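K.L.:
There are 2 protein chains.
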Amino acid sequence: MSEQPSTAASSQPKARRAGGYHHGDLRSALLDAARQLIEDRGPNEFTMKDASQMAGVSVAAPYRHFSDREGLLAALTDEEFRIRATELETIRDSLPLGSIDAIIAMGQSYVSRAVERPGLFHLIFGSERPDPAGGPHHLETSNGDRCFGALVGAVMAFVEAHSCPKDDVMGLVGQLWSIVHGAASLQIHHNFQRMLPEIDTQALIHDAAHNLLTGYLAGQNRS
Amino acid sequence: MSEQPSTAASSQPKARRAGGYHHGDLRSALLDAARQLIEDRGPNEFTMKDASQMAGVSVAAPYRHFSDREGLLAALTDEEFRIRATELETIRDSLPLGSIDAIIAMGQSYVSRAVERPGLFHLIFGSERPDPAGGPHHLETSNGDRCFGALVGAVMAFVEAHSCPKDDVMGLVGQLWSIVHGAASLQIHHNFQRMLPEIDTQALIHDAAHNLLTGYLAGQNRS
DNA sequence: AACATATGTTAGCCGTATTAACATAGACCC
DNA sequence: GGGTCTATGTTAATACGGCTAACATATGTT
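Which chain is which? The protein sequence lines are A and B, in order. Here the numbering used here runs 557 ahead of the position in the first sequence, where the first position is 1. Here the numbering used here runs 557 ahead of the position in the second sequence, where the first position is 1.
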């Protein structure tokens, strides 16, 4: 029950609602509102005011649950990472361990999620601050780790299945991650649409992963 | 003289300055200010107020030169695309036509520029609007076309040099673009730094392009 | 010199984030 | 069952940033 976006009046929390002075589960309601607003317009256009209105409370109420706008977005980011992590883990576990298909399917899921909800992709990966110093970063959340871990596991299994040295795993992970992340970004920002209108992004992921891993194995066998 | 960021009091425009009521070349001064602010803090943190102050004018003055904040950013985006296009074309023309090295060097340039100025990369590629409909898009500018065209040219030469069918060119372009764009994005957002601290992004580009193109050629020869 | 145009300035409006001061609902205690 | 504490709302009020309107001053045209 903690996997799906909390739909306000759900389970264990006291969700009274209806005319009461207190909302019952404002925190969840705000996250739901924010999710929808960001899906529709992207994170930059998201306003606390709109989220408050959707939840049926005053503009000041959210500050009882989140330190500020950033805090709300950070909480939503973590929720979204959790959903993606679970999905990636499911895919990894439902396809043959060490197969190229598992890697490809994970990549396609990554892109699908991004394309379905561009605003949310932008939220979780789109931090703009040039300075990495201050405060915890998005991917730093444990759910971000889970996403990354799922990919690493699939690639690790792949190189082991092909008797390759494990030293290369992280390099391969970086290359594959770049492909899927880049494809997702370019698709979302309509760059493919403008420059490569015919492109099928899912096919691109398939072909790119295939080419990359084939080329990698060829390099291994030769040396 | 039109390649470098216009440094305010330069050449053909009347650049009087010094105590005068009129600035002389406010437009360029604003673009320079915006460039610096965005380099430092990213496009979201950029404010018209700060840019005006840096240029030494009132907050309303910029609106004589740009329709609004978006207009200023669009103009800066085009300038930045022009700089990158020229660089990519230079690289393409200075390395053996059809060589894999030319493709790799272009990719490395793409990433270098991004890493050096994350804010500007974010500006030119970071539009968040889910709706592609309204108005001209960033890459739509002719300078965006030039960037893309340089990459296409290099890949086209590569497949021709290897006697591959030209049908695949756009697919390859999409795959290579995804790699460099993804690597740049992940690096900029500190995702590599968190998850793959040892990674060398330039090497990643080299290896990924090499693996991808090797795998592609292998697929060609086999069929 | 008078006008027309381009380019600045000041003042002010509006929308949004955030905080301060106050209000009320529930929970807990006796 | 009433008193008190805490959590959670509400209504101002403040501050900042984009943008426009009304006014001012250069430039240069004739």
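Yeah, the Cβ is synthetic: ideal placement off N, Cα and C, and Gly gets one too. Please read these numbers as outputs of a predicted model, since none were measured by experiment.
Rank B:A711, B:G731, B:S615 and B:S699 by C-alpha distance to the C-alpha of A631 of chain B and give the top, closest one.
P.N.:
The candidate whose alpha carbon is nearest that of A631 of chain B is B:S699.
K.L.:
So with Cβ pairs under 8 Å, would you call M611 of chain B a contact of chain A?
P.N.:
Output row for M611 of chain B: interface = no.
K.L.:
Does DSSP put C704 of chain A in a helix, a strand or coil?
P.N.:
Three-state DSSP puts C704 of chain A in a helix.
K.L.:
With A622 of chain B and L583 of chain B assumed to form a contact (beta carbons below 8 Å), what rounded beta-carbon distance in angstroms separates them?
P.N.:
What sits at residue 622 of chain B in the sequence shown is His, not Ala. Correct: roughly 6 Å between the Cβ atoms.
K.L.:
Between E755 of chain B and chain A, is any beta-carbon pair separated by less than 8 Å?
P.N.:
It does: the Cβ of E755 of chain B has a partner Cβ on chain A nearer than 8 Å.
K.L.:
Would you say A765 of chain A lies against chain B (beta-carbon separation less than 8 Å)?
P.N.:
Yes, contact with chain B.
K.L.:
Would you please state the rounded distance, in angstroms, between the beta carbons of L769 of chain A and Q732 of chain A? I believe it to be under 8 Å.
P.N.:
Between Q732 of chain A and L769 of chain A the Cβ distance is about 6 Å, and since that is below 8 Å, they are a contact.
K.L.:
Please give me, in chain order, every unbroken run of the alpha helix (DSSP H) with length at least 4 that falls completely inside the stretch 746-779 of chain A.
P.N.:
The qualifying runs are 748-752 and 758-779.
K.L.:
Would D757 of chain A be called buried (16 or more neighbouring beta carbons within 10 Å of its own) or exposed?
P.N.:
Exposed, since its Cβ has fewer than 16 Cβ neighbours within 10 Å.
K.L.:
For the stretch 702-719 of chain B against the stretch 662-679 of chain A, are there 3 or more C-beta pairs whose distance is under 8 Å?
P.N.:
Verdict: no, contact absent.
K.L.:
Identify the continuous alpha helix (DSSP H) that holds V672 of chain A and give its terminal residues.
P.N.:
That run of the alpha helix (DSSP H) goes I657 to E673.
K.L.:
Would you say M605 of chain B faces chain A, with C-beta separation under 8 Å as the test?
P.N.:
False, the Cβ-Cβ gap to chain A never drops below 8 Å.
K.L.:
Once the 5 residues before and after R674 of chain A are set aside, which same chain residues still bring their CB inside 6 Å of it?
P.N.:
Once the five neighbours on either side are set aside, the close Cβ partners of R674 of chain A are E596.
K.L.:
Less than 8 Å between the beta carbons of T634 of chain A and G772 of chain B, yes or no?
P.N.:
Cβ distance not < 8 Å, so T634 of chain A and G772 of chain B don't count as in contact.
K.L.:
Does the separation of the CB atoms of A740 of chain A and L761 of chain A fall below 8 Å?
P.N.:
Yes, the Cβ-Cβ distance between A740 of chain A and L761 of chain A is below 8 Å.
K.L.:
R649 of chain A and A642 of chain A: beta carbons closer than 8 Å?
P.N.:
For R649 of chain A and A642 of chain A, no; Cβs fall outside 8 Å.
K.L.:
How would you list, in chain order, the residues of chain B whose beta-carbon sits under 8 Å from the beta-carbon of Q777 of chain A?
P.N.:
Residues of chain B passing the Cβ test: none, with the nearest at roughly 10 Å.
K.L.:
At which residues does the alpha helix (DSSP H) containing F638 of chain A begin and terminate?
P.N.:
Taken as a continuous stretch (DSSP letters only), the alpha helix (DSSP H) holding F638 of chain A covers R626 to S651.
K.L.:
Enumerate in chain order the residues of its own chain whose CB-to-CB distance from Q750 of chain A is below 8 Å, with the five nearest sequence positions on each side excluded.
P.N.:
Here the set comprises Q744.
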